[in-house]
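Engineer: Submitted below is the structure of interest, expressed as structure tokens.
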Amino acid sequence: MTARAATTGRHHRLGVNYRSTSAVIDACQRLFAPAETGSSRGAFRCKTDDGHNPIPLQTVIASERCIRV
């Protein structure tokens with residue numbers, strides 16, 4: 172969390188995940204989304220009492236085709 176705070180304003184979000192299948196992405200989002208919205212601490216238990224969440228859940232979509240290595 173120190174690194175995230177030290178890089179405020181320089182975070183980038185990729186909206187498409189090219190390395191996971193849509194089934195994996197959907198399962199992760201179904202698992203974490205209720206905790207993000209239903210818990211006062213957020214999905215990763217980092218949200219503070221004043222509502223600041225240094226590590227928020229950010230949803231993504233799966234690529235049309237997963238690149239398999």
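According to this note's numbering, the sequence shown is numbered sequentially starting from 172.
Ideal placement from N, C-alpha and C gives every residue a C-beta, glycine not left out.
What you are looking at is a predicted structure, and each value in this text was computed from that prediction instead of being measured.
Measure the CB-CB distance between E207 and A214 and report whether it falls below 8 Å.
Structural biologist: yes
Engineer: List the endpoints of the continuous alpha helix (DSSP H) containing R201.
Structural biologist: 193-209
Engineer: Within the same chain, show all residues whose beta-carbon is closer than 7 Å to that of G186, passing over the 5 residues directly before and after it, in chain order.
Structural biologist: V231, I232
Engineer: Could you check whether C217 and P225 sit closer than 8 Å to each other, using their CB atoms as the reference points?
Structural biologist: yes
Engineer: What first and last residue would you give for the alpha helix (DSSP H) that runs through T173?
Structural biologist: 173-177
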